[in-house]
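Residue numbers (this note's numbering): 1 to 234. Beta carbons are placed, not taken as given, at the ideal position from N, Cα and C, and that holds for glycine.
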Amino acid sequence: MDTTMSTQVATAKPTFEHAQRINRSLTARLEKRALQWMAERAPRWVTSDALTILGLTAQIGAGACYASSRLDRRFLLAAIVCVALNWLGDSMDGTLARVRRQERPRYGFYVDHIVDVVGAVALMCGLGSSGLLHWATAMAMLIAFLMLSSESYLATYTLKRFELSQGAFGPTEIRILLVAGTLAALRNPYSIVLGHRMLLFDLGGAIAAIAMAGLAVFVTLRHTALLYRQEPLK
């Protein structure tokens, strides 16, 4: 191999095969149109990286606000604002890059999902510190979320199919439920279930953790069977 060819190989950009993006959530169509509309009208000083930072900062801020609500319940209102800002930053960064034709698929995928993991840890730690639910419930939700996320990332690599939602629920629906639960907790953090008084977030968190863990197991089995059929033993 001569020097010229060696230089060309060394400087060639690595190829990247795009995964099919799948989003069947309840709000997917409306959200896509809204994000497209905002991205097309965003000022030039708004960048995808800035939106990613906004999303992460807002999610960490939401965790801090939930933790501070132990001292003053009005911090729950600030947590709702942070959740909304997290949606804006996390949902719009990729749309803005696509609208401006500034896509960086490997960088974007990696950074976006590392940010999701860090933000989820911050949010669950904030909820665990809030007194709105027990630490065991917060950690169960975090573990179930990480299980489901890990499966999604592995499926993206092996099946070239990136599922942004599981059934009718995606990140936006989860945020809506979180905001609704926060508003309810602002009024009364407790709920009566079968005659027993328990924390509202403990009830919702337990349901969410069981649902996410169950989905992770179901989707893992489905994708394992699919990959086995695609790569049978000779």
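The alpha helix (DSSP H) spanning residue i covers which residue range?
i, result
"Ser-150", "135 to 159"
"Arg-222", "200 to 230"
"Val-46", "Here Val-46 belongs to no alpha helix (DSSP H), and DSSP marks it neither H nor E."
"Lys-32", "28 to 41"
"Arg-98", "75 to 99"
"Asp-116", "105 to 130"
Looking only at its chain, what residues have a beta carbon closer than 8 Å to the beta carbon of residue i, apart from the 5 residues adjacent to it on each side?
i, result
"Ala-155", "Arg-161, Phe-162, Glu-163, Val-219, His-223"
"Leu-227", "Thr-158, Leu-159"
"Arg-70", "Ser-129, Ser-130, Gly-131"
If I measure Cβ to Cβ from residue i and keep anything under 7 Å in the same chain, skipping five residues before and after, which residues do I get?
i, result
"Ala-10", "Since pLDDT at Ala-10 reaches only 48, below the 50 mark, its modelled position is unreliable, and the value read off the structure follows with that caveat. Cβ within range, chain order: n/a, list empty."
"Ser-191", "Met-198, Leu-200, Leu-203"
"Leu-215", "Leu-148, Gln-166"
"Arg-21", "Phe-162, Leu-164"
Hey, residue i and residue j are a contact pair by Cβ (cut 8 Å); roughly how many whole angstroms apart?
i, j, result
"Ala-28", "Gly-167", "Contact flag wrong, Cβ pair sits at about 12 Å."
"Leu-123", "Gly-205", "With a Cβ gap of about 12 Å, Leu-123 and Gly-205 do not count as contacting."
"Val-179", "Ile-60", "17 Å between Cβ atoms; not a contact."
"Glu-31", "Ser-91", "7 Å"
"Gly-55", "Asn-23", "The pair is not a contact, with the Cβ atoms about 17 Å apart (cut-off 8 Å)."
"Phe-145", "Met-198", "With 8 Å as the limit, Phe-145 and Met-198 do not qualify as a contact, their Cβ atoms being about 22 Å apart."
"Pro-105", "His-196", "So it is not a contact: roughly 49 Å between Cβ atoms."
Do residue i and residue j have their C-beta atoms closer together than 8 Å?
i, j, result
"Met-141", "Ala-209", "yes"
"Asp-112", "Thr-172", "no"
"Gly-94", "Ala-58", "no"
"Gly-63", "Gly-108", "no"
"Leu-200", "Gly-181", "yes"
"Ala-34", "Leu-96", "no"
"Ser-25", "Ser-150", "no"
"Arg-175", "Val-118", "no"
"Gln-102", "Ser-48", "yes"
Checking the sheet assignment: what are the DSSP bridge partners for residue i?
i, result
"Gln-20", "Arg-161"
"Arg-197", "Ile-192"
"Phe-169", "Gln-166"
Excluding the 5 residues preceding and the 5 following residue i in the sequence, name in chain order all residues of the same chain whose CB lies nearer than 6 Å to its CB.
i, result
"Ser-68", "Phe-75"
"Met-1", "Here Met-1 scores only 48 on pLDDT, less than 50, and its place in the model should not be relied on; the value that follows carries that caveat. Closer than 6 Å at the Cβ level, and outside the excluded window around Met-1, lies no residue."
"Tyr-66", "Ala-79, Gly-126, Leu-127, Ser-130"
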